[in-house]
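Asks: Chains as they are written, first to last, in our numbering: chain A, 1 to 138; chain B, 1 to 138. Ideal Cβ placement from N, Cα and C applies to all residues, glycine included. Okay, handing you the structure first.
There are 2 protein chains.
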Amino acid sequence: MYTVKEAAEKMDVSEHTLRFWAKSGFFPFVKRNENNIRQFSDNDLEWVRIVKCLRSVGTENKAIKRYIDLCIQGDSTIPERYGIIQATKIKAQKQMEELQKQMEILNYKESFYQNLIKNNLKDTWNPMNNLQPEETAV
Amino acid sequence: MYTVKEAAEKMDVSEHTLRFWAKSGFFPFVKRNENNIRQFSDNDLEWVRIVKCLRSVGTENKAIKRYIDLCIQGDSTIPERYGIIQATKIKAQKQMEELQKQMEILNYKESFYQNLIKNNLKDTWNPMNNLQPEETAV
DNA sequence: ATCGGCCTGAGAGCCGCTATCAGGTGTGCG
DNA sequence: CGCACACCTGATAGCGGCTCTCAGGCCGAT
Numbered sequence: 001m002y003t004v005k006e007a008a009e010k011m012d013v014s015e016h017t018l019r020f021w022a023k024s025g026f027f028p029f030v031k032r033n034e035n036n037i038r039q040f041s042d043n044d045l046e047w048v049r050i051v052k053c054l055r056s057v058g059t060e061n062k063a064i065k066r067y068i069d070l071c072i073q074g075d076s077t078i079p080e081r082y083g084i085i086q087a088t089k090i091k092a093q094k095q096m097e098e099l100q101k102q103m104e105i106l107n108y109k110e111s112f113y114q115n116l117i118k119n120n121l122k123d124t125w126n127p128m129n130n131l132q133p134e135e136t137a138v
Numbered sequence: 001m002y003t004v005k006e007a008a009e010k011m012d013v014s015e016h017t018l019r020f021w022a023k024s025g026f027f028p029f030v031k032r033n034e035n036n037i038r039q040f041s042d043n044d045l046e047w048v049r050i051v052k053c054l055r056s057v058g059t060e061n062k063a064i065k066r067y068i069d070l071c072i073q074g075d076s077t078i079p080e081r082y083g084i085i086q087a088t089k090i091k092a093q094k095q096m097e098e099l100q101k102q103m104e105i106l107n108y109k110e111s112f113y114q115n116l117i118k119n120n121l122k123d124t125w126n127p128m129n130n131l132q133p134e135e136t137a138v
């Protein structure tokens, strides 16, 4: 059993965020002790894990709440939950592809600057330096 | 030359966002025509591209402004700009690794639900279903 | 000449935190 | 025993980065 602080540490999210998520209804099974202190069980931490996972691919909190509610509703909602997970996977896949694309831009930029530094050149890309359009680089 | 609308379309960001970025000082070289309408050149679109790239890996707008200002300052800032690009690459790399980790959780979840559906089982993970701790799954 | 379309800036609203605060509780120490 | 201290609580304010709405200006077509 973990307090908010311990759970936050263990799951690598901020205490604030964990409380915020709790208030948002993401952890319906977290119990309180006699002093009203939240007690996260190991199973509760698994809920934290899935919420963290969904958030990290940009799922809105409303949609996360929906998923949680489906879990509470029981086994009849398994197909819909399965669909949500699949859709989330596709979303994550697209994000990786997007990141890969941006990485290529960064690689280009990096070697561009490397070249400038190595050869003591001017930044032809910057309009401040009498831009020659055909030499333009991102 | 492109209006905000055309540039937004071409670069796949919203018009609103482009105006917001312009107001944030991210496009210091965009000219206006005689009716005060912004005219994005192809070179300006490259600035949009790099801003989009930096944003997509979570760079704060203040840091982007800093990068833009360094560009304006001229060639003496090339080493610092190079450093920023490198740091951004590392950040992007970490994000990909993180996404990969989350993807594994999603894969686990997916096959978990597949198994439930295929074998007509109950969701042992959900505390509503008389959780047996050793059967717990994320 | 008025209508629709696209532009403008200003400003309100939204989401998801993040930070601050006042107050309650439990533990250890002089 | 009294008190500091750490840690919990909920309420509320603030923030970053959009996103949306609006009133107003300019243009070309009917």
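#1: For the alpha helix (DSSP H) containing Val51/B, list its first residue and its last residue.
#2: Using CA atoms only, rank isn't needed, just tell me which of Arg81/B, Leu99/B, Glu110/B, Arg55/B is closest to Ser56/A.
#3: Would Lys10/A count as contacting chain B if we go by Cβ distances under 8 Å?
#4: In chain A, which residues lie with their C-beta within 8 Å of the C-beta of Met103/B?
#5: Which complete beta strand (DSSP E) runs does the stretch 71 to 108 of chain A hold, if anything under 3 residues is left out?
#6: Would you verify that the beta carbon of Glu110/A is, or is not, closer than 8 Å to some beta carbon of chain B?
#7: For Pro133/A and Glu104/A, what's the separation of their Cα atoms in angstroms?
#8: Which residue's Cα is closest to the Cα of Lys65/A: Ile117/A, Ser24/A, Asn33/A, Met96/A?
#9: Does the contact criterion of 3 or more C-beta pairs under 8 Å hold for the stretch 111 to 122 of chain B versus the stretch 73 to 90 of chain A?
#10: Assuming Lys118/B and Leu106/A make a contact with CB atoms under 8 Å, what is their CB distance in whole Å?
#11: Does the CB of Arg81/B have a neighbour CB from chain A at under 8 Å?
Replies: In brief:
#1: Val51/B: member of the alpha helix (DSSP H) spanning 42 to 56, first to last residue.
#2: When only C-alpha atoms are compared, the closest one is Leu99/B.
#3: No, no contact with chain B.
#4: For Met103/B, the neighbours in chain A by C-beta distance under 8 Å run, in chain order, Lys89, Ala92, Gln93, Met96.
#5: Those beta strand (DSSP E) runs which fall completely within the stretch 71 to 108 of chain A and span 3+ residues do not exist here.
#6: The Cβ of Glu110/A sits closer than 8 Å to at least one Cβ of chain B.
#7: Note on Pro133/A: pLDDT 37, under 50, position unreliable in the model; the coordinate value appears next. So the two alpha carbons sit approximately 21 Å from each other.
#8: The shortest C-alpha separation from Lys65/A is found at Ser24/A.
#9: Cβ pair count under 8 Å is three or more, so yes.
#10: Not confirmed; about 43 Å, so no contact.
#11: Taking Cβ atoms only, chain A reaches closer than 8 Å to Arg81/B, which makes this a yes.
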